[in-house]
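Notes for the one structure printed next.
There are 2 protein chains.
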Amino acid sequence: MAAQRYKLTIAYRGTRYHGWQRQAWVDSYKGERPPDGEGIPTIQETVWRAIVSVVRHPISLVGSSRTDAAVHAKGQVAHFDTDQLQIPIVGMRRAINARLPADILVRKIDPVGGSFDAVFSTLSKRYQYFIWNAEDRPAFFPDLAWHRWQELDRDAMRQAALAFVGEHDFASFAKPGHGRENTVRLVHCCDVSWRAQKLVIAVEGSGFLWNMVRIMVGTLVEVGLGRHPPETIAGMLSAKDRRAAGATAPPHGLYLQWIKTAETATGVPPPPEAVG
Amino acid sequence: MAAQRYKLTIAYRGTRYHGWQRQAWVDSYKGERPPDGEGIPTIQETVWRAIVSVVRHPISLVGSSRTDAAVHAKGQVAHFDTDQLQIPIVGMRRAINARLPADILVRKIDPVGGSFDAVFSTLSKRYQYFIWNAEDRPAFFPDLAWHRWQELDRDAMRQAALAFVGEHDFASFAKPGHGRENTVRLVHCCDVSWRAQKLVIAVEGSGFLWNMVRIMVGTLVEVGLGRHPPETIAGMLSAKDRRAAGATAPPHGLYLQWIKTAETATGVPPPPEAVG
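Protein chains in written order, with our numbering: chain C, 26 to 301; chain X, 26 to 301.
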């Protein structure tokens with residue numbers, strides 16, 4: 026019988042996890058525990074176990090974004106294949122969620138065509154970074170926002186953020202060792218907005234380099250502190266040198282908001298020609 | 026030199042703690058670790074250590090409400106005495122907060138007269154209980170709300186809540202072993218409000234019995250589930266028997282919002298006649 030591919034949309038609080046996937050891993054491992062990690066699970070491993078316990082055969086779970094340790098997601102995308110077609114979608118989602126811990130939630134399961142791929146079908150992504158900008162710390166969510174008690178020039182940050190919009194070489198805004206030859210990326214928007222203590226930096230783009238959003242945020246905060254004028258972003262970009270940009274913001278303020286993917290023919294069971 | 030009494034207003038996320046104070050403790054201990062508890066700290070102990078490290082002498086820290094393990098507070102009130110009058114209030118608050126973990130915050134320190142007492146000066150308190158009423162669990166704050174996925178008749182809950190308002194014997198709504206002879210309490214208001222998935226039950230009163238708000242909430246949820254009509258609350262109250270009321274809601278949805286206290290003469294240093 027033909028296998029069916031499913032697209033998952035997943036939310037998680039990254040605090041307790043070693044990221045979506047340890048960087049050294051290969052994408053499609055078949056259930057062996059990684060040699061390192063000392064018992065700290067990854068999101069991928071945890072979701073993988075829940076799905077396998079429902080479909081009762083080994084799967085390969087491919088995620089769209091390798092979020093780092095402590096980074097959160099409201100809309101991570103992943104895919105897997107199964108021939109367990111007798112389980113209805115609603116029941117499968119409930120069964121998987123019942124096997125997941127309280128800080129991971131499968132929000133949606135959609136049947137997709139076999140040419141859908143969580144990595145290669147990605148069209149664009151949105152990240153948000155949450156800064157708690159007040160003298161007092163956020164005692165109820167210390168792991169969900171970056172606390173900056175200093176006064177920040179928010180208008181200067183908003184102005185500086187505009188310099189990121191468009192197609193640029195983001196070599197200065199990538200962690201060395203990112204392993205990408207091409208560091209040119211298209212940023213659709215980069216907005217700084219706020220309401221009282223809550224400061225949010227939202228970035229949308231076709232793709233991101235390792236730590237790119239966190240270095241952008243760290244740099245914008247330095248602009249907010251008056252260490253650089255907003256106009257310096259352009260020069261930092263053209264330097265193509267990590268040392269030209271600001272510090273990397275910590276992971277726990279970062280949220281993967283959503284991922285837009287090119288959808289393929291869907292339906293259970295799928296037409297045979299659509300199965301990869 | 027005369028001692029000065031300070032009133033503290035404290036916020037905390039109760040998740041990691043054994044409550045404000047273990048129930049077996051006496052109020053004014055002088056720094057000995059309790060025999061049980063296995064290394065899980067209390068809020069009181071943690072705040073006590075921070076203050077002692079700032080004022081550099083033993084103190085007695087008296088809290089207004091003994092919140093249970095996992096219960097949160099936005100405005101717990103406590104008091105202590107010190108003769109360290111050379112530390113300005115702003116500096117003292119910063120120094121104490123710098124010595125506290127990320128999930129406890131001293132929001133305010135006010136000098137008060139020596140007749141002020143966190144327990145006996147309390148006039149009224151407000152608790153709020155936060156229910157996440159949606160099919161999907163709250164993956165970002167599983168320890169800050171009670172997840173009820175069932176559909177709840179919110180209007181029935183609101184109507185039932187009104188029966189708690191006024192002066193009643195709350196013996197049916199107290200955990201056995203509460204140790205109070207008089208179980209009559211005055212509830213000023215009991216409101217059920219909501220916005221989308223977020224359901225909040227707010228209760229204000231002159232004082233509360235052990236687990237009283239949690240049993241009220243558990244009972245109101247049973248009304249919302251259709252297990253009791255809203256009119257049964259009156260009969261539960263008049264039964265004066267714990268078995269007449271509903272189940273106890275879990276602690277992690279409960280917040281001590283504020284405590285209204287009778288303020289006494291304030292100022293640093295205080296007039297000598299105001300020092301207890």
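Note that beta-carbon positions come from the ideal geometry of N, C-alpha and C, so glycine has one too. Quick caveat: nothing in here was measured; it's all calculated off a predicted structure.
Check your understanding: Which partner residues does T286 of chain X have in the DSSP bridge list?
Key -> Stepping through the second sequence from its first residue, residue 286 of chain X is reached at position 261. Paired residue(s): X:T147.
Exercise for review: Just list the alpha helix (DSSP H) runs in the segment 211 to 297 of chain X, keeping only unbroken ones of 4 residues or longer that don't cross its boundaries, in chain order.
Suggested key: 237 to 249 and 257 to 264, all fully within the segment 211 to 297 of chain X.
Check your understanding: Does the segment 173 to 182 of chain C come close enough to the segment 196 to 212 of chain C that 3 or more CB-CB pairs lie under 8 Å?
Key -> Too few Cβ pairs lie closer than 8 Å, so no.
Point to revise | N- and C-terminal bounds of the beta strand (DSSP E) containing I134 of chain X | key: By one-based count along the second sequence, residue 134 of chain X stands at place 109. Going by DSSP, I134 of chain X is part of the beta strand (DSSP E) stretching over I129 to V137.
Review point. Which chain C residues are close to I129 of chain X, counting only those with a beta carbon under 9 Å from its beta carbon?
Key: Along the second sequence, read from residue 1 onward, the residue named residue 129 of chain X stands at position 104. Residues of chain C passing the Cβ test: A164.
Exercise for review: Please report how far the alpha carbon of L279 of chain C lies from the alpha carbon of P254 of chain C, in whole angstroms.
Suggested key: The sequence position of residue 279 of chain C within the first sequence is 254, counting from 1. The sequence position of residue 254 of chain C within the first sequence is 229, counting from 1. Going from the Cα of L279 of chain C to the Cα of P254 of chain C covers about 24 Å.
Review point. Short check: CB of L224 of chain X to CB of T208 of chain X, under 8 Å?
Key: What you label residue 224 of chain X is simply residue 199 of the second sequence in a count that begins at 1. What you label residue 208 of chain X is simply residue 183 of the second sequence in a count that begins at 1. No, the pair does not count as a contact, with Cβ atoms beyond the cut-off.
Practice item. Could you pull out every residue in the same chain whose Cβ sits closer than 6 Å to the Cβ of M261 of chain C, ignoring the five residues on either side in sequence? Key: Position 236 of the first sequence, counting from 1, holds the residue named residue 261 of chain C. The residues S197, A269 and A270, in chain order, have a CB closer than 6 Å to that of M261 of chain C in the same chain once the five nearest residues on each side in sequence are set aside.
**Study point:** Nonlocal neighbours in the same chain, by C-beta distance under 7 Å from L250 of chain X, ignoring five residues either side
**Key:** For the purposes of this step, residue 250 of chain X is taken as the residue at position 225 of the second sequence. Only Q175 and L177 meet the Cβ criterion.
**Study point:** 8 Å Cβ cutoff, D161 of chain C in contact with chain X
**Key:** One-based indexing of the first sequence puts residue 161 of chain C at position 136. Yes, D161 of chain C lies at the interface with chain X (some Cβ there is under 8 Å from its Cβ).
Check your understanding: Buried or exposed: where does F145 of chain X fall if 16 or more other Cβ atoms within 10 Å of its Cβ makes it buried?
Key -> By one-based count along the second sequence, residue 145 of chain X stands at place 120. Exposed, by the Cβ-count rule.
Point to revise | Reference V242 of chain C, options C:R252, C:A221 and C:F155, closest by Cα | key: Your numbering for residue 242 of chain C matches position 217 in the first sequence. With distances taken between Cα atoms, V242 of chain C lies closest to C:F155.
Practice item. May I ask you to verify whether the segment 30 to 37 of chain X touches the segment 135 to 151 of chain X, counting CB pairs closer than 8 Å and requiring at least 3? Key: Two segments are said to touch when three or more pairs of C-beta atoms, one from each, lie closer than 8 Å; by this definition the segment 30 to 37 of chain X touches the segment 135 to 151 of chain X.
Exercise for review: Starting from the C-beta of R162 of chain C, find all residues in its chain whose C-beta is less than 7 Å away, skip the five residues before and the five after it, and write them out in chain order.
Suggested key: As a working note, residue 162 of chain C is residue 137 in the first sequence. Spatial neighbours of R162 of chain C in its own chain (CB-CB distance under 7 Å, excluding positions within 5 residues in sequence) are listed in chain order as H172.
Practice item. Determine whether the Cβ of R173 of chain C lies closer than 8 Å to any Cβ atom of chain X. Key: Position 148 of the first sequence, counted from the start, is the residue given in the question as residue 173 of chain C. Taking CB atoms only, R173 of chain C has no neighbour in chain X less than 8 Å away.
Check your understanding: What span of residues does the alpha helix (DSSP H) with E70 of chain C cover, start to end?
Key -> Within the first sequence, the letter at position 45 stands for residue 70 of chain C. Its alpha helix (DSSP H) spans residues I68 to V80.
Review point. By how many angstroms is the C-alpha of E247 of chain X removed from the C-alpha of S263 of chain X?
Key: What you label residue 263 of chain X is simply residue 238 of the second sequence in a count that begins at 1. What you label residue 247 of chain X is simply residue 222 of the second sequence in a count that begins at 1. Those two C-alpha atoms are separated by around 18 Å.
Review point. Under the three-state reduction of DSSP, which class applies to I112 of chain X: helix, strand or coil?
Key: One-based indexing of the second sequence puts residue 112 of chain X at position 87. In this structure, DSSP gives I112 of chain X a state outside helix and strand, which the three-state scheme calls coil.
Review point. Closest Cβ-Cβ distance between P275 of chain C and chain X: below 8 Å?
Key: Your numbering for residue 275 of chain C matches position 250 in the first sequence. Answer no: the Cβ-Cβ gap between P275 of chain C and chain X never drops below 8 Å.
Review point. If we call anything under 8 Å between Cβ atoms a contact, is W232 of chain C one with R210 of chain C?
Key: Position 207 of the first sequence, counted from the first residue, corresponds to residue 232 of chain C. Position 185 of the first sequence, counted from the first residue, corresponds to residue 210 of chain C. According to the sequence provided, residue 232 of chain C is Gly. The question's Trp does not apply to it. Yes, these two residues count as a Cβ contact at 8 Å.
Check your understanding: Quick one: Cα of F165 of chain C to Cα of E192 of chain X, how far?
Key -> Residue numbering aside, residue 165 of chain C sits at position 140 when the first sequence is read from its first letter. Residue numbering aside, residue 192 of chain X sits at position 167 when the second sequence is read from its first letter. So the two alpha carbons sit approximately 33 Å from each other.
Point to revise | Neighbourhood of K133 of chain X by C-beta, 6 Å cutoff - its chain only, sequence neighbours within 5 removed | key: Your numbering for residue 133 of chain X matches position 108 in the second sequence. For K133 of chain X, where only same-chain residues beyond five positions count, the Cβ hits under 6 Å are T34.
Exercise for review: Show which residues of chain X have a CB atom less than 9 Å away from the CB atom of A36 of chain C.
Suggested key: The count along the first sequence starts at 1 and reaches residue 36 of chain C at position 11. Neighbours of A36 of chain C on chain X, chain order: D161, A164 and F165.
Check your understanding: By DSSP, does T107 of chain C sit in helix, in strand, or in coil?
Key -> Mapped onto the first sequence, residue 107 of chain C falls at position 82. DSSP places T107 of chain C in the strand class (E or B) of the three-state scheme.
Point to revise | Status (buried if at least 16 other CB within 10 Å, exposed otherwise) for D128 of chain C | key: Taking the first residue of the first sequence as 1, we reach residue 128 of chain C at position 103. The residue in question, D128 of chain C, is buried, as its Cβ has 16 or more Cβ neighbours within 10 Å.
Point to revise | Member of X:G230, X:Y42, X:H104 and X:I121 whose CA lies at the smallest distance from the CA of H213 of chain X | key: Translated into positions along the second sequence, residue 213 of chain X becomes position 188. Closest in alpha carbon position to H213 of chain X, among X:G230, X:Y42, X:H104 and X:I121, is X:G230.
Exercise for review: Closer than 6 Å by C-beta to D135 of chain X: which residues in its own chain qualify, once you throw out the five before and the five after it? Chain order, please.
Suggested key: In the second sequence, residue 135 of chain X corresponds to position 110, counting from 1. For D135 of chain X, where only same-chain residues beyond five positions count, the Cβ hits under 6 Å are K32.
Practice item. Grab the span of the alpha helix (DSSP H) containing R353 of chain C for me, first residue to last. Key: This structure gives no information on residue 353 of chain C, because the portion of chain C shown stretches from 26 to 301.
Check your understanding: Since V79 of chain X and I114 of chain X are thought to touch, with beta carbons under 8 Å apart, how far apart are those beta carbons, to the nearest angstrom?
Key -> Translated into the one-based positions of the second sequence, residue 79 of chain X becomes position 54. Translated into the one-based positions of the second sequence, residue 114 of chain X becomes position 89. In fact, because the Cβ distance is near 12 Å, the residues do not count as touching under 8 Å.
Point to revise | Neighbour list for R132 of chain C in chain X, Cβ cutoff strictly below 7 Å | key: In the first sequence, the residue the question calls residue 132 of chain C occupies position 107. Identification of chain X residues near R132 of chain C by a Cβ-Cβ cut-off of 7 Å yields D161, ordered along the chain.
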